[in-house]
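Worksheet for the structure shown next.
Rendered as structure tokens:
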């Protein structure tokens, strides 16, 4: 897959693990491109993401912060680990100077990295595709209530219902897409995610007019206030997913 600025990224599947092989220079332009690519790969929910650095040139070691940033984000959602492979001495020296192994595990080969991947934690996942209609928000709320009861996490059902309602309404208000809802329970954390086919990033905007004496916490402002973490991630098929961990 060719990228701007001469960056080329190849991705292959290795027993359910995504192996990403970037070729080119990691600089100010390619930094954002490679970051988005890695996040998109993780959105497909592989067992883990391994990045083989063999073909990547890193003139400035500060650019290595990319891997810590991606590792932290995809660990929160969708709960995928990032591992690095550095075989060349110059790469190992660079990573050692950055103390990368304190943040992201580093291995000498792809097979070694793959062998070190632990089995993913048990997770429960439920999905529901909704119509592009005003009824979708209500259907989403009922779906979340039913799954919270089935999974015995009713203590968080009120927040989960509020979050999915705001996300679905946001999709209906700002896109022409039919949303779909994904719930996940993993390590005691409940994640609510809403997918749509519109690539436009969902942004947090304070809905309270300047000078207003009434605080109106709606939309993503409300989602943010109820969540441990939340974000908007592009999907490999060209849309996006807005997610929140409760």
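Numbering (the numbering used here), first residue to last: 102 to 347.
Ideal placement from N, C-alpha and C gives every residue a C-beta, glycine not left out.
Q: Please determine if the region 137-148 and the region 251-261 are in contact, where contact requires at least 3 C-beta pairs separated by less than 8 Å.
A: no
Q. Taking just the CA atoms, how far does residue 285 sit from residue 416?
A. Only positions 102 to 347 of the chain appear in the structure, and residue 416 is not among them; the question remains open.
Q: Only counting runs of 4 or more residues, tell me where the alpha helix (DSSP H) segments fall wholly within the region 229-288, in order along the chain.
A: 237-251, 258-275
Q: Write down the C-beta distance between residue 294 and residue 321 rounded to the nearest angstrom, noting that I regard them as a contact closer than 8 Å.
A: The count along the chain shown starts at 1 and reaches residue 294 at position 193. The count along the chain shown starts at 1 and reaches residue 321 at position 220. No, residue 294 and residue 321 are not in contact; Cβ-Cβ is about 14 Å, not under 8 Å.
Q | Span of the alpha helix (DSSP H) around residue 199 | A | Counting from one through the chain shown, the residue named residue 199 turns up at place 98. That run of the alpha helix (DSSP H) goes 190-199.
Q | Straight-line Cα distance separating residue 228 from residue 248 | A | Position 147 of the chain shown holds residue 248. Position 127 of the chain shown holds residue 228. Cα to Cα, residue 248 sits roughly 10 Å from residue 228.
Q: Tell me residue 113's beta-bridge partners as DSSP assigns them.
A: In the chain shown, the residue the question calls residue 113 occupies position 12. For residue 113, which the question treats as bridged, DSSP gives the partners 120.
Q | Rounded separation between residue 135 and residue 329 - CA only | A | Along the chain shown, read from residue 1 onward, the residue named residue 135 stands at position 34. Along the chain shown, read from residue 1 onward, the residue named residue 329 stands at position 228. Taking the straight line joining both Cα atoms gives about 26 Å.
Q) When DSSP builds the beta bridges, which residues end up paired with residue 224? A) Position 123 of the chain shown, counted from the first residue, corresponds to residue 224. DSSP, once it has assigned bridges, lists 287 as partnering residue 224.
Q. Are the beta-carbon atoms of residue 132 and residue 164 separated by less than 7 Å?
A. Taking the first residue of the chain shown as position 1, residue 132 is located at position 31. Taking the first residue of the chain shown as position 1, residue 164 is located at position 63. Taking 7 Å as the Cβ cut-off, residue 132 and residue 164 qualify as a contacting pair.
**Q.** residue 147 beta carbon less than 7 Å from that of residue 117
**A.** Translated into the one-based positions of the chain shown, residue 117 becomes position 16. Translated into the one-based positions of the chain shown, residue 147 becomes position 46. Residue 147 sits close to residue 117, with the two beta carbons spaced by under 7 Å.
Q | Span of the beta strand (DSSP E) around residue 175 | A | By 1-based counting over the chain shown, the position of residue 175 is 74. Here residue 175 belongs to no beta strand (DSSP E); instead the alpha helix (DSSP H) covers 166-177.
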